Amino acid sequence: MMIPSLCAAAVMLVLLFISWKYTPATPSFFGYKSRLSVKNDETWVYANKLANKIFLFNIIALILLSLIAPYLFEEETAVVFPLFAFAFLSVLVVPIVEVFLRRKFDKNGIRKDQL
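Printed below as a string of structure tokens:
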């Protein structure tokens, strides 16, 4: 019974496509937001592109886990496990993007290689 998690993956793919296609160039009402990511347009674009790439990885993991879980777990666990794993991976997007933002930009949003 992998239909719920595959449906969730389909919805997430649609949201990812919308995010890739229609994310505004400047901070707006949707997209990846943190104090550093909204400092300027460059940090905004970088953070959103990176978050979308990580989100795509999470969706692929959800699909793979949805296909494999029925062979590894009992029915109830096989339905819930991929969704919980996806939720956990989705929470990890924030610290991962923040680490990469801090490596590339200073606290004022200026590229470190330009200093």
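Just so we're aligned, residue 87 is where the sequence shown starts under the working numbering, counting upward by one.
We treat Cβ as the ideally placed atom computed from N, Cα and C, and that holds for glycine.
These numbers were taken from a predicted model, which means no experiment stands behind them.
Leaving aside the five residues before and after residue i along the sequence, list all residues of the same chain whose C-beta is less than 6 Å from its C-beta, in chain order.
i: residue 119; result: none
i: residue 168; result: 91, 148, 151, 152, 155
i: residue 137; result: 118, 179, 183
i: residue 171; result: 151
Could you tell me the boundaries of the alpha helix (DSSP H) in which residue i lies?
i: residue 158; result: 127-158
i: residue 189; result: 179-190
i: residue 102; result: 89-108
Sort the options by Cα distance to residue i and report the nearest one.
i: residue 141; options: 128, 165, 116, 102; result: 102
i: residue 100; options: 135, 89, 145, 124; result: 145
i: residue 93; options: 165, 108, 199; result: 165
i: residue 135; options: 105, 157, 114; result: 105
Beta-carbon within less than 7 Å of residue i's beta-carbon, same chain only, minus the 5 sequence neighbours each way: which residues are those?
i: residue 127; result: 111, 112
i: residue 176; result: 144
i: residue 65; result: With the chain represented from 87 up to 201, any question about residue 65 goes unanswered, as that position is not in the structure.
i: residue 109; result: 117, 134
Excluding five sequence neighbours on each side, which residues of the same chain lie with their C-beta closer than 8 Å to the C-beta of residue i?
i: residue 122; result: 129, 133, 184, 187, 188, 191, 193, 195
i: residue 198; result: 189, 190, 191, 192
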